[in-house]
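So the protein lines, in turn, are chains P and U. So in the working numbering the end of the first sequence lands on 388, straight run, no missing numbers. So in the working numbering the end of the second sequence lands on 1304, straight run, no missing numbers. Where a beta carbon is used, it is the ideal one built from N, C-alpha and C, also for glycine.
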Amino acid sequence: MPERFVIPIGPQHPALKEPGHFEFTVDGETVTGASARLGYAHRGIEKATEARTWVQDLYLLERICGICSHVHATAYALGVERLAGVTAPPRAQAIRVLVGEMERVHSHLLWLGVAAHEAGFETLFMYSWRDRETIMDSLEALTGNRVNYSANLLGGVKFDVDTGQADAIRRGIDFLESRTRIYLDLVTTDEVFLRRTRGIGVMTAAQAETLGVVGPTARASGVARDIRVDAAYAAYPDFPVGITLEQTGDLAARFVVRVKELFESYRLIRTVLDGLPAGDLVAKMPRHVPEGETISRVEAPRGELFYFIRSGGRSRPDRVKVRTPTLCNMASVLTLTIGHQLADVPMILVGVDPCFSCNDRTVVIRDAATGQRWTWARLRQHGIEAYR
Amino acid sequence: MSTMLGAVALAMFPGGLFVIAMGLAYEWADRKLVARLQNRLGPRWFQPVADTVKLLSKEEIVPDGVDARLVLGLPVIVLAGALTAALYVPMAGPPALSFPGDLIVTVTLLGLLTIGTGLAGTNTLNRFSLQGATRTLTLLFSYEAPFLLALLGPAVVAGSWEIGEIATRLGGRWVAISQPVGFALALVGLMGKLELPPFDAPEAETEIVAGALTEYSGRGLGLFRLAKSVELAVGLTLVAALYLGGIGSPVAHLVKTGGLLLVMATLQSLFARLRIDQVVGAWWRYGAVLALGQWLLLIAWARV
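Structure below.
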């Protein structure tokens, strides 16, 4: 084949639920090259935080991700509380963990369905999404919302968990646990499914370290990296998490890790509900956060979520920098697809559980010689030109 | 008088309108069954009709850089092929037309859909279509031989290559029981022909959008879909006629093809999509070998 035959995937493509653009050079069915262009869903949230108060930012940042909204708010709230020297009460921290784990269940079940869909396994897609409704109903009953739960406040959480709600959640978890056993059985024994996942997109532990992947993607390659364990935050010191590891590093391992993490989340949800500490839900926060800067890391369903927050002692932050796990994992997709069949590409891409709009950022390297900064007009102009 | 009858047979029954209606009914049944197996509600009974009417009433867009005659002509040829095939299979009774060797002609006519789809895909500049067409034609080469061999099994036993004659000579015997391998291959081969899951790699939406038919819209797409529905009905009828003891009455037709459709729907919802290399490998490594094995066994049996 003298000419390069390029299969474009995106920005609009049935495999992608969010816009992103990938170009795969193929030789027949085999992928020989890959490139990505991200940034179609850049929303300028980081910049927008600088124009809003600390409290308003909580709600803005929660909307970075439509799936793992709670961890964003948790990361931000924990960071701001540290800057202000406030510690949320134990009960609030436990509820943060509770909602965080319920969110992980919902995210992993959603991912299982999407990944099955990419593999053309519509039946698994439909069933896992049906079962996901159980946890969505629990979240709605608890917080009033299916997504963007607004559970966090600066200094605590907004709502309490009563015994009725706790029992309802337990019932839902029991049902989900029985269903998840079926899924675990399926992803480990279904021969046709394993033919699409076993030995596909293999990433060794060394590669995982080099590429800097995080979350379940790293854990499937045997890299023990989980912020809930490495740097336990909120109530995780009181409710320790068992780390789920797989060694093979292929797509099958990524399936197994995520499904096994569901069991860990179920266990954790039960433990938190049983051992919910008594006490207040919220601590008093000052209106102006003292000057300083901090880093806040939490484990989102997709991996490490990183927040950098700088306060100038005013009623609004000077800078909030967010690095979502997808950005860390994206590089692995381009490396892993090479040499695989075109049919494996969507699965390898979805294998890292990408969340495009969360990771889209604009970064400008400042010219050291002139030291010139971008003005608002320049930024606006750039925005218009970049998306033309 | 015979010309009149022929015209009626072509336009109304068992050709033309009847087969189209039947195809749409089977398409609905297939979609509904798969939906129920997947815990969905599925379409209402008139959905395929509504889809067809809507598609036929819409503008057909001819993209740049293609042979317009081919774009407009292929859907018609494909549908005509599927409808013609219907004349040679028993429709709620003996076939409308028959001649010695019509089994081969029918299978060839059924292959027209795949060839037409492949041609439609290669006749564009769209990269998804080209990739899809390559896959469609690759698939054609893998399942066609085992499928044909599987259909010839009952023919060899009956000693005739005429579909109506085979049914008569077998006298209601269920060949599926004596030739289970051939039966399974014929049914799975039909799924491959129709590009149903798990053999839907040529139109894998998460990889190549709609495959060979990505550029098709409106009337052309409607006719292709219609041809596929008709082929579903005709293919099921053919397999039932050869393997499930022939089709003597409308009730037998409905029950036997309905049963086959249920099996097919279950198979569709049971598996993840196979990669194109896996499909080709499976067909040549297992399908073709099994078909040939049974074929040799039959010849040996018939000789003795």
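So that I know if they touch, is there some Cβ in chain P lying closer than 7 Å to that of residue i?
i: residue 1039 (chain U); result: yes
i: residue 1207 (chain U); result: yes
i: residue 1046 (chain U); result: no
i: residue 1272 (chain U); result: yes
i: residue 1036 (chain U); result: no
i: residue 1304 (chain U); result: Its pLDDT being 47, under 50, residue 1304 (chain U) is placed unreliably by the model, and the measurement read from it follows with that caveat. No, because no Cβ of chain P sits closer than 7 Å to the Cβ of residue 1304 (chain U).
Taking only the alpha-carbon atoms, compute the straight-line gap between residue i and residue j and give it to the nearest angstrom.
i: residue 1242 (chain U); j: residue 1019 (chain U); result: 19 Å
i: residue 284 (chain P); j: residue 54 (chain P); result: 14 Å
i: residue 135 (chain P); j: residue 128 (chain P); result: 11 Å
i: residue 68 (chain P); j: residue 103 (chain P); result: 6 Å
i: residue 115 (chain P); j: residue 126 (chain P); result: 12 Å
i: residue 1072 (chain U); j: residue 1116 (chain U); result: 12 Å
i: residue 1228 (chain U); j: residue 24 (chain P); result: 31 Å
i: residue 1044 (chain U); j: residue 1023 (chain U); result: 15 Å
i: residue 76 (chain P); j: residue 7 (chain P); result: 40 Å
i: residue 256 (chain P); j: residue 39 (chain P); result: 31 Å
i: residue 180 (chain P); j: residue 301 (chain P); result: 17 Å
i: residue 1130 (chain U); j: residue 1121 (chain U); result: 5 Å
i: residue 294 (chain P); j: residue 227 (chain P); result: 16 Å
i: residue 88 (chain P); j: residue 280 (chain P); result: 9 Å
i: residue 78 (chain P); j: residue 291 (chain P); result: 16 Å
i: residue 299 (chain P); j: residue 1186 (chain U); result: 52 Å
i: residue 1224 (chain U); j: residue 117 (chain P); result: 25 Å
i: residue 84 (chain P); j: residue 97 (chain P); result: 21 Å
i: residue 382 (chain P); j: residue 45 (chain P); result: 16 Å
i: residue 1053 (chain U); j: residue 1021 (chain U); result: 12 Å
Since residue i meets chain U, which of its residues come closer than 9 Å, beta carbon to beta carbon?
i: residue 112 (chain P); result: Neighbours of residue 112 (chain P) on chain U: none; closest Cβ ~13 Å, over 9 Å.
i: residue 193 (chain P); result: 1271, 1272
Between which two residues does the alpha helix (DSSP H) holding residue i run?
i: residue 280 (chain P); result: Unbroken run through residue 280 (chain P): none, as it is neither H nor E.
i: residue 130 (chain P); result: 122-143
i: residue 1208 (chain U); result: 1205-1208
i: residue 181 (chain P); result: 163-189
i: residue 326 (chain P); result: 325-337
i: residue 1178 (chain U); result: 1175-1178
i: residue 159 (chain P); result: Segment: none, residue 159 (chain P) is in no alpha helix (DSSP H) and carries neither H nor E.
I want to verify the contact list: residues of chain U whose CB lies under 7 Å from the CB of residue i, in sequence order.
i: residue 180 (chain P); result: Here the premise fails: no neighbours, minimum Cβ distance about 16 Å.
How about residue i: is its C-beta nearer than 7 Å to some C-beta of chain U?
i: residue 123 (chain P); result: yes
i: residue 126 (chain P); result: yes
i: residue 15 (chain P); result: yes
i: residue 119 (chain P); result: yes
i: residue 346 (chain P); result: yes
i: residue 196 (chain P); result: yes
i: residue 130 (chain P); result: yes
At a CB-CB cut-off below 8 Å, which residues of chain U make contact with residue i?
i: residue 338 (chain P); result: By Cβ distance, chain U contributes nothing, its closest Cβ being about 16 Å from residue 338 (chain P), past 8 Å.
Which residues in chain P have a C-beta closer than 8 Å to the C-beta of residue i? List them in chain order.
i: residue 1269 (chain U); result: 122, 123
i: residue 1127 (chain U); result: 5, 6, 7, 8
i: residue 1204 (chain U); result: 120, 343
i: residue 1197 (chain U); result: 120, 122
Starting from residue i, find everything on chain P with Cβ-Cβ shorter than 9 Å and list it in chain order.
i: residue 1131 (chain U); result: 5, 7, 26, 29, 342
i: residue 1043 (chain U); result: In chain order: nothing, as chain P lies at least about 15 Å away.
i: residue 1276 (chain U); result: 29, 341, 342, 343
i: residue 1082 (chain U); result: Chain P residues near residue 1082 (chain U): none, gap ~25 Å exceeds 9 Å.
i: residue 1212 (chain U); result: Within 9 Å Cβ-Cβ: nothing; residue 1212 (chain U) doesn't reach chain P, min ~14 Å.
Mind listing the chain P neighbours of residue i? Cutoff is C-beta to C-beta under 7 Å, in chain order.
i: residue 1201 (chain U); result: 343
i: residue 1086 (chain U); result: Ordered by position in chain P, no residue passes the 7 Å Cβ test against residue 1086 (chain U), which lies about 30 Å from the chain.
Check whether the Cβ of residue i sits closer than 6 Å to any heavy atom of the ligand FMN, and report yes or no.
i: residue 1036 (chain U); result: Absence of the ligand FMN is noted for the structure shown, with no ligands found whatsoever.
Quick one: give me the first and last residue of the beta strand (DSSP E) that residue i is part of.
i: residue 305 (chain P); result: 303-311
Check the Cβ-Cβ distances between residue i and every residue of chain B, and say whether any is below 7 Å.
i: residue 229 (chain P); result: The structure shown contains no chain B; its protein chains are P and U.
Note to self: Any contact between the region 186-206 of chain P and the region 347-360 of chain P? By contact I mean 3 or more CB pairs, one from each, below 8 Å.
What the structure shows: yes
Checklist line | Inter-stretch contact at 8 Å, needing at least 3 Cβ pairs: the region 24-41 of chain P / the region 256-268 of chain P | finding: no
Check: When the Cβ atoms of the region 183-190 of chain P are set against those of the region 1188-1201 of chain U, are three or more pairs found closer than 8 Å?
Finding: no
Next item on the list: Inspect the CB distances between the region 1254-1263 of chain U and the region 318-333 of chain P and report whether three or more fall short of 8 Å.
Entry: no
Note to self: Below 8 Å, how does it come out for the region 1020-1030 of chain U and the region 1039-1050 of chain U: are there three or more Cβ pairs, yes or no?
What the structure shows: yes
Check: Three or more beta-carbon pairs under 8 Å between the region 144-152 of chain P and the region 48-65 of chain P, yes or no?
Finding: yes
Next item on the list: Count the CB pairs spanning the region 1236-1255 of chain U and the region 1057-1076 of chain U that are closer than 8 Å, and state whether there are at least three.
Entry: no
Note to self: Does the contact criterion of 3 or more C-beta pairs under 8 Å hold for the region 1194-1209 of chain U versus the region 1150-1157 of chain U?
What the structure shows: no
Check: Does the region 1053-1068 of chain U touch the region 1216-1223 of chain U, meaning 3 or more C-beta pairs lie closer than 8 Å?
Finding: yes
Check: Is there contact here, the region 1123-1142 of chain U with the region 1262-1274 of chain U, by at least three beta-carbon pairs under 8 Å?
Finding: no
Notebook entry, point to check: Is the region 1163-1176 of chain U close to the region 1091-1099 of chain U, with three or more CB pairs under 8 Å?
Noted result: yes
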